[in-house]
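Visitor:
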Amino acid sequence: MPTWLKVILIILAVLAALVVGAGYIGYRWVQSHAGELKARGDKIKAEAAAFGKDKAPDACVDETFARLDRCDGILCEATTKIFLSRCVAASNVPGDFCASIPRRDHFIDSAKWALAECARRGRANDQRCTRVIGGLQDYCEKR
Numbered sequence: 001m002p003t004w005l006k007v008i009l010i011i012l013a014v015l016a017a018l019v020v021g022a023g024y025i026g027y028r029w030v031q032s033h034a035g036e037l038k039a040r041g042d043k044i045k046a047e048a049a050a051f052g053k054d055k056a057p058d059a060c061v062d063e064t065f066a067r068l069d070r071c072d073g074i075l076c077e078a079t080t081k082i083f084l085s086r087c088v089a090a091s092n093v094p095g096d097f098c099a100s101i102p103r104r105d106h107f108i109d110s111a112k113w114a115l116a117e118c119a120r121r122g123r124a125n126d127q128r129c130t131r132v133i134g135g136l137q138d139y140c141e142k143r
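Under our numbering, the first residue of the sequence shown is numbered 1, with each subsequent residue one higher.
1. Terminal residues of the continuous alpha helix (DSSP H) containing residue 32?
2. Could you check where the alpha helix (DSSP H) with residue 132 kicks off and where it finishes?
3. Please confirm whether residue 87 and residue 122 have their CB atoms less than 8 Å apart.
4. Measure the CB-CB distance between residue 81 and residue 132 and report whether it falls below 8 Å.
5. Excluding the 5 residues flanking residue 61 on each side, which residues of the same chain have their C-beta closer than 6 Å to its C-beta?
6. Using three-state DSSP, classify residue 95 as helix, strand or coil.
7. Roughly how many angstroms separate the alpha carbons of residue 22 and residue 29, rounded to a whole number?
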């Protein structure tokens, strides 16, 4: 076996070990924080339902962006996205609300919509917005 092939196989084995190790550490972290994460999720769902009651969906989007501006990290983005979908579900949603929101499995349309929606709301080129605004798609797909 040539030396270059041995080097490549060693590098691939090390990368595979790192991926497996990171996956194991991530799994253990989630397992050790499961109760805390569930409590946080329940709290966000309750806040969203209370906030969205008797409001228009746009009020939920505005509050979501205010929360997004105050948060940092992927977990905060995830809880903010949950807030958005649950808040809209509790709000006074017009019958045609989901008509212009594409399904997630229409990848190109979904990406274009998210970019356009964020730009329309004054958040052009904001990657956090494009990740969180998908909460509207989550709501529409669960209806």
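Each residue gets a CB set at the ideal place from its N, CA and C atoms; glycine is no exception. No experiment lies behind these values; they were computed from the predicted model shown.
Guide: In brief:
1. For the purposes of this step, residue 32 is taken as residue 32 along the sequence shown, with counting starting at 1. From DSSP, the alpha helix (DSSP H) with residue 32 extends over 3-32.
2. Translated into positions along the sequence shown, residue 132 becomes position 132. First-last of the alpha helix (DSSP H) with residue 132: 127-132.
3. Counting from 1 along the sequence shown, the entry for residue 87 is found at position 87. Counting from 1 along the sequence shown, the entry for residue 122 is found at position 122. Going by C-beta atoms, residue 87 is not nearer than 8 Å to residue 122.
4. Locating residue 81 in the sequence shown gives position 81, where the first residue counts as 1. Locating residue 132 in the sequence shown gives position 132, where the first residue counts as 1. Result yes, Cβ atoms of residue 81 and residue 132 sit closer than 8 Å.
5. Taking the sequence shown and counting its residues from 1, one reaches residue 61 at position 61. Taken in chain order, the list of residues that qualify is empty.
6. By 1-based counting over the sequence shown, the position of residue 95 is 95. Three-state result, residue 95: coil.
7. Mapped onto the sequence shown, residue 22 falls at position 22. Mapped onto the sequence shown, residue 29 falls at position 29. Approximately 10 Å, taken between the alpha carbons.
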